[in-house]
Amino acid sequence: APITCLICQGGLNGDSICSAMPACGHVFHRTCLAAWLSCRARPAICPACRTPAPSPPLRLYFSAAGDDEQSDGGEDETAERSAREQRDRRASEQLTRALGALRTEEAGRRLLERQLASTRRRLAQAEADLALADQRAEAKVAGRIRELESLLEVLQPAATTAATAAISDESHAVGSVQQAQQEQLGRLAKELVVRTLSYTSAPPHQSGRRLAQQQQRSRLAIHRDRRFGSRGRGESADEH
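Everything in the sequence shown is counted per my numbering, starting at 782 for the first residue and increasing by one.
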């Protein structure tokens, strides 16, 4: 059977300028198919099978007129080639998208690697700075300890000398007080001896009166000596 254009129902032969739908392979006059696809009232679909047309039609070239079997074989071959080209184009588009996604993923991976390397460098620098700060702090503390030890070595002899001098002064003051007390006791003993001798040599009628007077004087002297001794010890304590 002769090949006809399903749009105008005209025959398709070697003199016709034809186009085929890329998705399904149906063939039409080029002008008829262009007019069909340019109509905005309907979607871009095949007039024969209503298959969507995502890409422009394919232009076909017929050879010299032959028998019907050759014409039918050429139409089938054209349709198969068109379908194969469509599949190849879709596969190429999918491959392009996959390659784009792979490149994006690779770029992200490289960015993460650079960020990780930068973080590791900063961490290593921070650890080095911390170790250096610890060393400096330890050296500073050690130097301060040496300074204090040197100062202690200088001050310790002076403190020992001052303490020894203070003890010597206190011992001297105590010795002075004790000597004064002994001298006072000696004077009291002498006075008591003198008064006793005077009493024994006095007449009897004067003995009682002299004895009372001597006892009164002795009590006053002892009281005075005690006050003097207490005052001397207080002054010695105040001096120290």
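Even glycine gets a Cβ: it sits at the ideal position worked out from N, Cα and C. This structure is a prediction, so every number in the text was calculated from the model and none was measured.
- prompt: In its own chain, which residues sit with a C-beta less than 7 Å from the C-beta of L880, not counting the 5 before and 5 after it?
  reply: none
Pull up the DSSP beta-bridge partners for S800, would you.
F809, R840
* **Beta-bridge pairing of T785 - partner residues as DSSP gives them** => G792
Give the single residue among R902, G967, S836, E874 whose Cα lies nearest to the Cα of C805.
S836
(message) Is it buried or exposed, V808, if we count other Cβ atoms within 10 angstroms and call 16 or more buried?
(response) buried
State yes or no: is the C-beta of S797 within less than 8 Å of the C-beta of L839? no
With which residues is P938 paired in a DSSP beta bridge?
Answer is none; P938 lacks a bridge partner.
| query | Helix, strand or coil: how does DSSP classify R868 here? | reply | helix
How is G847 classed by DSSP in three states: helix, strand or coil?
-> Summary for G847: the model assigns pLDDT 48, below 50, so the residue's position carries little reliability; its value from the coordinates is reported in the next sentence. DSSP places G847 in coil when its eight states are reduced to three.
Between L841, L883, P803, A918, which lies nearest to C827 when the distance is taken from Cα to Cα?
P803
Go through its chain and collect everything with a Cβ distance to P833's Cβ below 6 Å, but skip five positions before and after it.
Excluding positions up to five away in sequence, the list reads I826.
**Report entry** Where H810 falls, given that 16 or more other Cβ within 10 Å makes a residue buried
**Finding:** buried
Review point. Identify the residues that DSSP records as bridge partners of P833: which are they?
Key: I826
- Thinking A816 and L787 are a contact (beta carbons under 8 Å), I'd like their distance in whole angstroms, please. That belief does not hold up - the Cβ atoms of A816 and L787 are roughly 13 Å apart, past 8 Å.
Check your understanding: How big is the Cα-Cα spacing for E861 and T812?
Key -> Their backbone Cα atoms lie some 23 Å apart in a straight line.
- [ ] Determine the burial state of S819: buried for a count of at least 16 other Cβ atoms within 10 Å of its Cβ, exposed for fewer.
- [x] exposed
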